[in-house]
Amino acid sequence: MPEIVDYLIIGAGPAGLQLGYFLHRAGRDYLILEAGETAGDFYRDFPRHRQMISINKPHTGWDDPELNLRMDWNSLLSDDPDLLFTRYTERYFPHADDYLRYLQDFAERLGLNVRTRTRAARVARDEDGFAVTDDSGNVHRGRRLIVATGFSAPYLPPVPGIELAEPYTEVSVDPEDFTDQRVLIIGKGNSAFETADAITEKAAVIHLVGPSAIKFAWRTHFIGHLRAVNNNFLDTYQLKTQNMVLDGVIQRIEREGDEFVMTLSYARRDKVVRLAYDRVIACTGFKLDSSIFTDECRPELAINDRFPALTSEWESVNVPDLYFAGTLTQVRDFKKYTSAFTHGFRYGIRALWHMFESRYEGVEWPYRGLSAKPDELTDAVLGRINRTSALWQQYGFLCDLVTVGSDGTARYYEEMPLDYVRESDFGRADRYFTVSLEYGRGHSTIDPFDVEAGRAWEADPSLDDRYLHPVVRHYHRGQVLAELRLKEDICNDWSGEEDYRVPLRDFLAPKLVEA
9 MPEIVDYLII GAGPAGLQLG YFLHRAGRDY LILEAGETAG DFYRDFPRHR
59 QMISINKPHT GWDDPELNLR MDWNSLLSDD PDLLFTRYTE RYFPHADDYL
109 RYLQDFAERL GLNVRTRTRA ARVARDEDGF AVTDDSGNVH RGRRLIVATG
159 FSAPYLPPVP GIELAEPYTE VSVDPEDFTD QRVLIIGKGN SAFETADAIT
209 EKAAVIHLVG PSAIKFAWRT HFIGHLRAVN NNFLDTYQLK TQNMVLDGVI
259 QRIEREGDEF VMTLSYARRD KVVRLAYDRV IACTGFKLDS SIFTDECRPE
309 LAINDRFPAL TSEWESVNVP DLYFAGTLTQ VRDFKKYTSA FTHGFRYGIR
359 ALWHMFESRY EGVEWPYRGL SAKPDELTDA VLGRINRTSA LWQQYGFLCD
409 LVTVGSDGTA RYYEEMPLDY VRESDFGRAD RYFTVSLEYG RGHSTIDPFD
459 VEAGRAWEAD PSLDDRYLHP VVRHYHRGQV LAELRLKEDI CNDWSGEEDY
509 RVPLRDFLAP KLVEA
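Quick note: the sequence shown uses this note's numbering, first residue 9, plus one each step.
Quick look at the structure:
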């Protein structure tokens with residue numbers, strides 16, 4: 009029988025490598041399986057047009073490495089300052105080839121246990137753990153299995169005739185191939201606009217179609233919505249060229265001779281039209297391919313069967329010891345926060361590693377011991393929120409936790425998922441505080457470039473603090489007793505005495521006496 013490791017990871021992309029780093033540093037028994045030729049092989053082909061939309065900002069004006077990570081969306085966490093992606097290129101939107109090189113170096117320099125050219129073809133389970141059979145017939149066994157593959161299959165909506173569309177993953181990236189053609193692109197996300205922008209100079213007509221209006225990342229703060237770097241195509245629509253963005257439901261796609269005919273029901277008009285095209289491209293997203301799992305360990309799926317259904321510890325809700333890491337964990341904060349992206353899930357993976365250490369290795373989640381005095385806790389909280397990258401990147405999702413004992417001491421834990429605190433033993437404590445960074449309620453409903461100025465705005469308290477700001481909550485056994493929202497600050501400096509230190513101390517003081 010093959011040797012069994014404690015932690016078997018599928019996928020050596022950024023998520024698999026990040027988890028591998030923490031397990032490696034802790035001296036744990038692990039193995040990473042990678043289908044491609046090298047670590048990070050996904051980035052040989054994706055994104056298809058080679059420009060990434062995750063920002064890379066080497067020049068921040070700061071010399072604090074923790075603060076710099078707020079503006080660095082690509083680096084993985086490690087103790088090696090040379091293994092920062094900002095050392096690899098200064099391009100703000102980097103080329104995918106540079107990221108491939110970075111991930112290869114990350115795996116090699118840190119000596120991570122990666123087995124390449126090993127594609128997982130079948131996942132089974134027995135009493136000892138999981139058995140992963142690769143496409144060469146070799147079996148790899150682990151007591152726990154962590155799937156860090158990212159999306160492994162394109163998602164196609166249930167539209168009659170959708171099989172006639174060319175998927176984003178396979179369509180040509182050579183603009184010459186679209187010369188003088190009428191092209192239908194299904195989808196209104198970044199992959200759709202990336203594709204449209206790439207062929208605008210050659211295609212005769214381009215129509216983008218989706219059932220709902222475009223959502224802009226600069227308005228919602230969810231970076232998976234349409235980014236400005238990809239929306240040049242909107243000029244070609246609004247300035248009356250031959251391109252269009254249509255809101256409607258596709259009823260069917262049919263082939264008629266050399267053309268593809270789409271029947272579309274408009275979203276805001278009682279009208280159905282039939283439009284003809286030379287090509288149809290599906291840019292409709294991706295999903296987890298669960299077909300490799302045998303029946304006894306096939307994870308329950310969620311959100312149109314695209315994602316694994318997960319607990320607050322990123323464990324499958326129906327398969328014990330089956331975990332997920334990386335972009336697949338966005339099921340817990342779908343289209344809200346940043347678990348879908350490297351700069352978000354790198355911190356989620358660090359939290360997952362702490363969970364593993366606590367659950368399987370008997371190592372308590374690390375904390376700082378403090379005195380439960382208002383001034384000392386105020387200093388600790390303000391010190392963290394003025395420097396942390398984790399709470400900044402994973403706003404509304406991760407928090408710091410402060411528990412207060414009856415003996416006048418406190419414990420300061422860093423970077424736990426808010427849901428995990430509520431659902432774990434931590435959430436059953438008599439008194440505790442959470443510290444997070446969050447946007448104000450309804451922040452995505454207001455156009456940030458068309459905000460009413462002056463006293464009319466200032467007189468409405470419901471419009472206060474729409475921007476990112478600190479939130480401190482006081483809990484008793486999972487129930488929120490009180491909440492403090494500190495003011496937003498244009499420079500993200502929450503250190504002032506009158507606006508921050510005094511209100512926070514006044515909030516904490518009576519509650520520490522109660523505890």
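From the three backbone atoms N, C-alpha and C, an ideal C-beta is built for every residue, glycine too.
Tell me residue i's beta-bridge partners as DSSP assigns them.
i    : result
T337 : DSSP, once it has assigned bridges, lists no residue as partnering T337.
S379 : T417
R130 : T141
C6   : With the chain covering only 9 through 523, there is no way to say anything about residue 6.
E267 : E264
N64  : D80
Y447 : None; Y447 has no bridge partner.
F441 : V410, H482
I40  : I17, V122
Y274 : G256
L192 : H215, V288
A490 : H482
Q59  : H103
Once you ignore the five residues that flank residue i on each side, which residues in its own chain have a CB closer than 7 Å to its CB?
i    : result
Y163 : T292, G293, F294, K295, R314
T177 : P162
G416 : S379, A380
P10  : V147, H148, R149
Q250 : A212, V213
D421 : Reading off the sequence, residue 421 comes out as Tyr, not Asp. Here the set comprises W373, Y375, D408, L409.
A200 : I193, L216, C291
R513 : P382, D383, T386
R358 : F30, L85, E423
D143 : R127, A129
V510 : none
V521 : none
Could you name the residues of the same chain whose beta carbon sits closer than 6 Å to that of residue i, not counting the 5 residues immediately before and after it, in chain order?
i    : result
E304 : R133
P507 : According to the sequence provided, residue 507 is Asp. The question's Pro does not apply to it. Excluding positions up to five away in sequence, the list reads K495.
W81  : S62, I63, H351
L426 : C407
Y107 : Y51
A437 : T411
L39  : V13, L16, N121
E491 : R481
I524 : Nothing can be reported for residue 524, as the shown portion of the chain is limited to 9 through 523.
V253 : L216, Y245
Tell me which residues share the same chain as residue i and place their Cβ nearer than 8 Å to its Cβ, disregarding the 5 neighbours each side in the sequence.
i    : result
G462 : Below a pLDDT of 50, predicted positions are generally treated as unreliable, and G462, at 48, falls in that range; no measurement from the model is reported.
W70  : N76
S324 : P307, E308, P316, A317, L318, L330, Y331, F332
D88  : R117, L118
S234 : Before going further, note that residue 234 is Leu rather than Ser in the sequence given. For L234, where only same-chain residues beyond five positions count, the Cβ hits under 8 Å are K196, G197, N198, F201, I222, K223, F224, A225.
I311 : V339, F342
S220 : K196, D255, A275
Whose C-alpha, out of the options, is nearest the C-alpha of residue i?
i    : options                : result
L476 : R125, R449, V147, S62  : R449
H67  : Q59, R78, H57, M60     : R78
I222 : I207, N198, A212       : N198
A348 : R509, F159, P165       : F159
S298 : N238, G119, A129, I194 : A129
E431 : D182, Q487, R358       : Q487
E369 : L27, G24, R36, L16     : R36
M60  : I231, L16, E45, Q112   : I231
D205 : I17, Q26, R56          : R56
G137 : W361, V327, F434, L516 : V327
F114 : D90, E184, R127        : D90
Q401 : G21, F434, F353        : F353
E321 : Y428, A20, G413, A23   : Y428
L499 : L520, K519, R395, G413 : Here residue 499 is Cys; the residue named in the question, Leu, does not match the sequence. Selected option, being the one with the closest Cα: R395.
G413 : Y440, Y403, S397       : Y440
L399 : Y355, R419, A418       : Y355
T302 : D49, V131, L272        : V131
R287 : S273, I300, G265       : G265
T124 : A20, V521, R485        : A20
For residue i, decide whether its Cβ has a neighbour in chain D, counting only Cβ atoms nearer than 8 Å.
i    : result
D286 : Annotation note: the requested chain D is absent from the structure, which comprises a single protein chain.
Next item on the list: Could you pull out every unbroken beta strand (DSSP E) segment of at least 3 residues lying fully inside the segment 195-265, listed in chain order?
Entry: Listed in chain order, the complete beta strand (DSSP E) runs (minimum 3 residues) inside the segment 195-265 are 213-218, 252-264.
Notebook entry, point to check: Using 8 Å as the threshold, is the segment 165-175 in touch with the segment 260-278, meaning 3 or more CB pairs across them?
Noted result: Enough Cβ pairs lie closer than 8 Å, so yes.
Notebook entry, point to check: With contact counted as at least three CB pairs below 8 Å, one residue from each stretch, are the segment 231-251 and the segment 275-282 in contact?
Noted result: In the pairwise beta carbon analysis, the segment 231-251 is classified as not touching the segment 275-282: fewer than three pairs are separated by under 8 Å.
Checklist line | At least three beta-carbon pairs within less than 8 Å, the segment 327-346 to the segment 137-156 | finding: Taking a contact to require three or more Cβ pairs closer than 8 Å, the segment 327-346 and the segment 137-156 qualify as touching.
Check: Does the segment 97-107 touch the segment 362-380, meaning 3 or more C-beta pairs lie closer than 8 Å?
Finding: These segments do not touch.
Checklist line | Any alpha helix (DSSP H) of 4 or more consecutive residues that is wholly inside the segment 284-349 | finding: Correct list: empty.
Next item on the list: Determine contact between the segment 25-34 and the segment 376-389, defined as no fewer than three beta-carbon pairs at a distance below 8 Å.
Entry: The segment 376-389 and the segment 25-34 do not touch, with fewer than three beta-carbon pairs separated by less than 8 Å.
Checklist line | Continuous alpha helix (DSSP H) assignments of at least 4 residues falling wholly in the segment 68-130 | finding: Within the segment 68-130, the complete alpha helix (DSSP H) runs of at least 4 residues are 73-76, 104-117.
Notebook entry, point to check: With a cut-off of 8 Å, do at least 3 Cβ pairs link the segment 432-446 to the segment 480-494?
Noted result: Output reads yes: the segment 480-494 touches the segment 432-446.
Item checked: contact_flag[the segment 389-399, the segment 176-194] where n(CB pairs < 8 Å) is 3 or more -> As far as the Cβ criterion goes, the segment 389-399 does not touch the segment 176-194, which means the pair count is below three.
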